[in-house]
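First up is the structure itself, then whatever we jot down about it.
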Amino acid sequence: GFENVEIVVTRVYDLTGPTAAKIVPGVSPAELAAFNGSIVSAFVRAKKPAVRLVPGRDFTIRPAAPADLPAIEALLAASGLTAVEIAASLGRFLVADRDGVVGVVGGEYAPGAVLLRSLAVAPAARKAGVAAALLDGALAQAKAAGSADAYLFTNTAAGYFACRGFAAVDRAEVPAAFL
Numbered sequence: 003g004f005e006n007v008e009i010v011v012t013r014v015y016d017l018t019g020p021t022a023a024k025i026v027p028g029v030s031p032a033e034l035a036a037f038n039g040s041i042v043s044a045f046v047r048a049k050k051p052a053v054r055l056v057p058g059r060d061f062t063i064r065p066a067a068p069a070d071l072p073a074i075e076a077l078l079a080a081s082g083l084t085a086v087e088i089a090a091s092l093g094r095f096l097v098a099d100r101d102g103v104v105g106v107v108g109g110e111y112a113p114g115a116v117l118l119r120s121l122a123v124a125p126a127a128r129k130a131g132v133a134a135a136l137l138d139g140a141l142a143q144a145k146a147a148g149s150a151d152a153y154l155f156t157n158t159a160a161g162y163f164a165c166r167g168f169a170a171v172d173r174a175e176v177p178a179a180f181l
């Protein structure tokens with residue numbers, strides 16, 4: 003059940019010298035010679051595979067509430083994102099709740115467009131579908147508000163957003179309200 007398994011040999015035991023009988027007591031010299039090089043010390047490094055969480059069962063996507071603000075600010079800070087004006091625009095934020103806030107995304111609106119901002123997921127909930135559920139929720143909310151176009155700025159997740167259908171555009175194409 004593990005992935006990325008790596009075994010690193012730290013020592014291969016020499017069973018031909020005078021200390022071999024101490025390493026493996028009660029073994030004949032012929033048996034020691036046959037085992038020579040096959041007894042090693044090693045450490046194993048592996049990762050448990052990410053578990054996909056199911057929205058509605060394992061976590062919920064819901065509008066952010068004032069009580070969520072400290073957790074949102076801490077999550078954004080831990081993710082290297084700014085928490086400027088979060089309190090003033092909290093009504094335009096969604097959170098992923100799994101016995102506490104484990105993800106957040108917000109939206110700023112202009113006529114016919116939305117700027118998605120501050121998408122962040124707690125490290126323990128990453129690669130489990132939380133970001134996708136937040137993004138889907140934010141896009142559904144934007145569509146319901148009449149937004150036909152969605153924009154975002156990213157320095158670290160361009161590949162993720164490209165896989166979700168976003169494409170790089172020239173800054174001149176972004177509505178002035180978002181700049």
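Residue numbers 3 to 181, in this note's numbering, belong to the letters of the sequence shown in order.
For every residue, glycine included, the Cβ atom is placed at its ideal position computed from N, Cα and C.
None of the values given here were measured: they were computed from a predicted structure.
1) Please confirm whether A140 and V107 have their CB atoms less than 8 Å apart.
2) Helix, strand or coil for I88 per DSSP?
3) Applying the 10 Å Cβ sphere with the 16-neighbour rule, what's the burial state of A144?
4) Scan the stretch 6-58 and note each continuous beta strand (DSSP E) run of 3 residues or more that stays entirely inside, going in chain order.
5) Does the count of Cβ pairs from the stretch 45-52 and the stretch 27-34 closer than 8 Å reach three?
6) Can you check whether the CB of L137 is closer than 8 Å to the CB of R94?
7) Have a look at A32 and A23 and give me their C-alpha separation to the nearest angstrom.
8) Quick check on I9: buried or exposed, where buried means 16 or more other Cβ atoms within 10 Å of its Cβ?
9) Do the CB positions of I63 and L96 come within less than 8 Å of each other?
10) Output yes or no for whether 8 Å exceeds the beta carbon distance between L83 and P68.
11) Could you give the DSSP three-state label for V171: helix, strand or coil?
12) List the whole-angstrom C-beta distance separating A127 from L55, where the pair is believed to meet the contact cut-off of C-beta under 8 Å.
13) Alpha carbon to alpha carbon, how far is D16 from R119? Give it in angstroms, no decimals.
14) I'd like the span of the alpha helix (DSSP H) that includes L78, first residue to last.
15) Can you name the start and end residues of the beta strand (DSSP E) that V176 belongs to?
16) For D60, name the three-state secondary structure that DSSP assigns.
17) Relative to the alpha-carbon of S40, which residue among F163, V14, G19 and A76 has its alpha-carbon at the smallest distance?
18) Should G148 go down as buried or exposed, given a rule of 16 or more other Cβ atoms within 10 Å for buried?
19) With a 10 Å radius around its C-beta and 16 neighbouring C-beta atoms as the bar for buried, classify L181 as buried or exposed.
A quick look at the data gives this:
1) yes
2) coil
3) buried
4) 42-49
5) no
6) no
7) 12 Å
8) exposed
9) yes
10) no
11) coil
12) 7 Å
13) 60 Å
14) L71 to A80
15) It is not in any beta strand (DSSP E) - V176 carries neither H nor E in the DSSP assignment.
16) coil
17) V14
18) exposed
19) exposed
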